[in-house]
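Okay, structure first, notes after.
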Amino acid sequence: MKTIRLFLIAFFILAIGLVQSCNYNYYRGMELEKEERYEEANIEFQRAYTKSPGNTKFRDAYLRTAIKTTEDLLERYDKYLGKKKYLMAFRRLEQARGLTPDHPRILSELKKWYRILLAGKVDLVKIQSLNNQIPLTDQIVLEIHLNTPNITRRLEAPIDYQTRIFSIEDVLYDPPQNLLMLYSINSIGVKLVNNSIQSGISYQLNQSSDSARRAQFKKFIDFKIPVLVDVQGALNDRNKNLTPVDKFYPSDLLKHYKDSTYWYPSSGIRYSLELKDDVVRVKSSVDKMDFLPQILYINKKDRRYFLDFGHLQLAQRKMGGLWTFRRTFTEKREYMQDLQNNLILHPYFYYREGGYPFVPFGH
104 MKTIRLFLIA
114 FFILAIGLVQ
124 SCNYNYYRGM
134 ELEKEERYEE
144 ANIEFQRAYT
154 KSPGNTKFRD
164 AYLRTAIKTT
174 EDLLERYDKY
184 LGKKKYLMAF
194 RRLEQARGLT
204 PDHPRILSEL
214 KKWYRILLAG
224 KVDLVKIQSL
234 NNQIPLTDQI
244 VLEIHLNTPN
254 ITRRLEAPID
264 YQTRIFSIED
274 VLYDPPQNLL
284 MLYSINSIGV
294 KLVNNSIQSG
304 ISYQLNQSSD
314 SARRAQFKKF
324 IDFKIPVLVD
334 VQGALNDRNK
344 NLTPVDKFYP
354 SDLLKHYKDS
364 TYWYPSSGIR
374 YSLELKDDVV
384 RVKSSVDKMD
394 FLPQILYINK
404 KDRRYFLDFG
414 HLQLAQRKMG
424 GLWTFRRTFT
434 EKREYMQDLQ
444 NNLILHPYFY
454 YREGGYPFVP
464 FGH
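Structure below.
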């Protein structure tokens, strides 16, 4: 009997604590709602309702502020759209959908957003060691930085040390085809991360880490921002059936246009494009095009684009010397299998309208 009595006492203490916790979240939510801080209030009501799902008062408060939060998020969404801050706008729209998934405005706006995958493989070849070429640091991350249609924003994609592949996603709002042609390689190098605040090296603050982490990016190659001078023409829609990207890899065509020579990338590159039927023709000031994607896959119905940058290689002829760069031809495109192992990216590996290789101008 003593054991049962102790159990009941413990149970009631736990139950009282749970009720008090729910009430705290609820009353805190009420205070925030009075201050018109609807998003914060909604979070508190959600906590209360999650802990006590049978409480209709908590449920009604959560649903009431969910509607208000949705409207607030949509207002911020419109402001970010007006400022062309597309990534921030998309995040607000996704937040709003999580609260009110059947909202007609949200459903309408989601149809205007396109997801873009940029991926490929980067190998470092003809090099003895990186250890003697970089300062002492806590962590080294091989990265490729990619230019976007927003001239002030870069995509920073880590390169896997084992597979050497990279992949990163972006979003665009109702983009014309010409906008896709602004994705290009900015630079490739290593991010050096130092976990200590006390450091004799001057590091830039890494915005994605906490304040105790410092990082700098050491570039091996640097294109900066190649300038797109002109785009003419349009690409044909070859079919509308859902087709795996593996089914379109024009190896004979790509093999014919491959350039096996390494070169020294530099800034100031200018290029123009002609969208001609089923290819993208490239003319550049350096007579090279491997700073651009190798193939563009389009799936308009599912609002997906896949930009395959191919198999890139960096080489250094002597220790501490300049790095050179090229895109090599891969007959079987083996890295695609590693990419496809990532189930999250699976929707990108199907196209509808077609796959469009980038080829030299005049071909």
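Take any residue in the sequence shown, count from 1 to its spot, add 103: that is its number in the working numbering. Quick reminder that beta carbons are idealized off the backbone N, C-alpha and C, glycines included.
Can you give me the C-alpha to C-alpha distance between Lys343 and Arg140, rounded to a whole angstrom? 47 Å
Between the beta-carbon of Val225 and the beta-carbon of Asn281, is there less than 8 Å? no
Simplified DSSP state of His248, which is helix, strand or coil: strand
So, is Asn444 buried or exposed, given that buried needs 16 or more other C-beta atoms within 10 angstroms? exposed
Measure the CB-CB distance between Val383 and Leu399 and report whether it falls below 8 Å. yes
Where Ile146 falls: helix, strand or coil (DSSP): helix
Taking the alpha-carbon of Ala151 as reference, which of Arg194, Arg131, Lys137 and Glu142 has the nearest alpha-carbon? Arg131
As assigned by DSSP and simplified to three states, the class of Val348: helix
When you compare the CB positions of Ile291 and Phe323, do they come within less than 8 Å of one another, or not? yes
Taking the DSSP output, what are the residues bridged to His449? In the DSSP output, where bridge partners are listed per residue, His449 has none listed.
Asp273 and Leu46 - do their beta-carbons sit closer together than 8 Å? With the chain represented from 104 up to 466, any question about residue 46 goes unanswered, as that position is not in the structure.
For Gly336, tell me which candidate among Asp381, Lys294 and Ala260 has the shortest Cα-Cα distance. Asp381
Going along the chain, which residues of its own chain have a beta-carbon closer than 6 Å to the beta-carbon of Phe327, five neighbours each way excluded? In the sequence under discussion, the amino acid at residue 327 is Lys, which differs from the Phe named in the question. Excluding residues within five positions, the ones whose Cβ falls inside 6 Å are Ser370.
State buried or exposed for Asn339, treating a residue as buried only when at least 16 other CB atoms are found within 10 Å of its CB. exposed
Compute the Euclidean distance between the alpha carbons of Val228 and Gln416, then round it to the nearest angstrom. 7 Å
For Leu467, which option in Tyr459, Leu295, Arg208 and Leu213 has the closest C-alpha, if you only look at C-alpha atoms? Any property of residue 467 remains undetermined from this structure, which presents the chain solely from 104 to 466.
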